Amino acid sequence: MLKHAYTVTLIPGDGTGPELTEVVKAVVAATGVPITWEVQEAGADVMDRYGTPLPEGVLESIRRNKVALKGPITTPIGSGFRSVNVALRHELDLYACLRPCKFYPGVKSRYTGIDLVIVRENMEDLYAGVEFPAGSPEARQIMSWAPKKIRPDAAISIKPISRTGSLRIVRFAFEYALRHGRRKVTAICKANIMKFTDGLFFESAREVAKDYAGRVEYEEKLIDNMCMQLVQKPERYDVLVLPNLYGDILSDLCAGLIGGLGIAPGANIGDDIAVFEAVHGSTPKYAGMNRVNPTAMLLSVQLMLDYLGERQAADRLERAIAAVIAENQTVTADLGGTAGTKEMGDAIIRALERHTTSPSF
Ligand code: NAD
């Protein structure tokens, strides 16, 4: 039978992005899934040529192919340069940020056995970018009608949380849970204090949860309590769904639980478009040094293969990565080894090939 062939937009990014991308291409070729990469450039390096870090051609390519894999892109501080990463999510309405946090034996971490999935809302909340500087006419105007006194020298951010946005992110979390055999979804926010915004998030979550009753368990937690719970009893949790800002913070907490950014994958998913990328940034200090861990990018590839319906290839890739980490022979410095990015990628390719010839792998 002919295998389905895919065209995927590939944004190598900058910093350590290009060297990670080389490893990704080689590993994907070794999975046997026929992917044609449509390479697109974005970031500071293309500013001179296109006048924007996110040229329209990149968005067109992603809209056409529906799936993209993205390397990290540097956001220069104080340049007026908009974050390409945030712009992509907004332009393409990639409302769900998916971040699995799984412990792999061999990783040195304070915790073992962690297997959590964070589903973070990507479009609303304090991240919506509705902010007014201290002393601005807009800030003064808000102060004039706000029901509580606000100091005149305050800057103001607005936190929009909609029913539509909340319903769709919670539904995404439940659908993910169902498809991946997960037992429980925990909705998390601070509804005891932010009664209207976070209150609406819980209210919407409860409404969606009813449709999954008897299939996926549902519970609610306050964000502060959840932070403590995750440090003390992370094994009690499964899929976590949160508004944007809490989701951002908890994602890093959970990446810490599993041993750091080198192994934390991610995806930004909308109704029919998905962009896969590691949680980590461009690590500019290691650029071109063949030093960073390719695992986070490769686990993002695993998420992409799963999304494409290539479940077997996704599972094989995950097992190959897990085997290389467990053997602890050819791993990068963050995992306590001396291997380079490329060498670790090559070891994963060898593990994939072993699997093709050995059913017991
Ligand atoms: P970073 O994730 O690039 O690096 C922080 C530290 O984490 C590194 O110094 C390193 O010790 C460790 N680390 C990260 N990735 C690793 C890997 N693969 N292997 C081993 N160790 C790893 O974060 P930063 O230094 O805050 O950001 C650098 C740039 O990246 C900034 O411009 C930032 O805006 C950008 N950024 C981009 C994305 C993205 O493209 N999605 C995400 C986060 C940050």
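The numbering used here applies: residue 1334 is where the sequence shown begins, and numbers increase by one.
From the three backbone atoms N, C-alpha and C, an ideal C-beta is built for every residue, glycine too.
Predicted, not measured: the structure shown is a model, and the values here were computed from it.
Only residues of its own chain outside the window of five on either side were considered, and among them T1519, I1521 have a CB closer than 6 Å to the CB of K1554, listed in chain order.
For F1609, the enclosing beta strand (DSSP E) starts and ends at 1607 to 1611. Taken through DSSP and simplified to helix, strand or coil, P1567 comes out as helix.
Q1373 counts as buried, since at least 16 other C-beta atoms from the protein chains shown sit within 10 angstroms of its C-beta. Judged by beta-carbon spacing, L1650 lies beyond the 8 Å limit of L1668, meaning their Cβ atoms are not closer than that value.
Note on geometry: alpha-carbon atoms of Y1444 and Y1437 lie some 10 Å from one another. In this chain, D1347 is not harboured by any alpha helix (DSSP H), its DSSP state being neither H nor E. Around the beta carbon of D1347, 16 or more other beta carbons sit within 10 angstroms, so the residue counts as buried. In the displayed model, R1515 falls within coil according to three-state DSSP, outside both helix and strand. Look at V1450 here: in three-state DSSP terms it is strand. Counting along the chain, K1543 sits inside the alpha helix (DSSP H) bounded by residues 1530 to 1543. By the criterion of at least three beta-carbon pairs nearer than 8 Å, the segment 1417 to 1426 is not in contact with the segment 1536 to 1556. Apart from the 5 residues on each side of it in sequence, I1491 sits with its Cβ closer than 6 Å to the Cβ of V1463 in its chain, given in chain order. Contact annotation, L1449 with P1567: C-beta distance approximately 7 Å; criterion of less than 8 Å satisfied.
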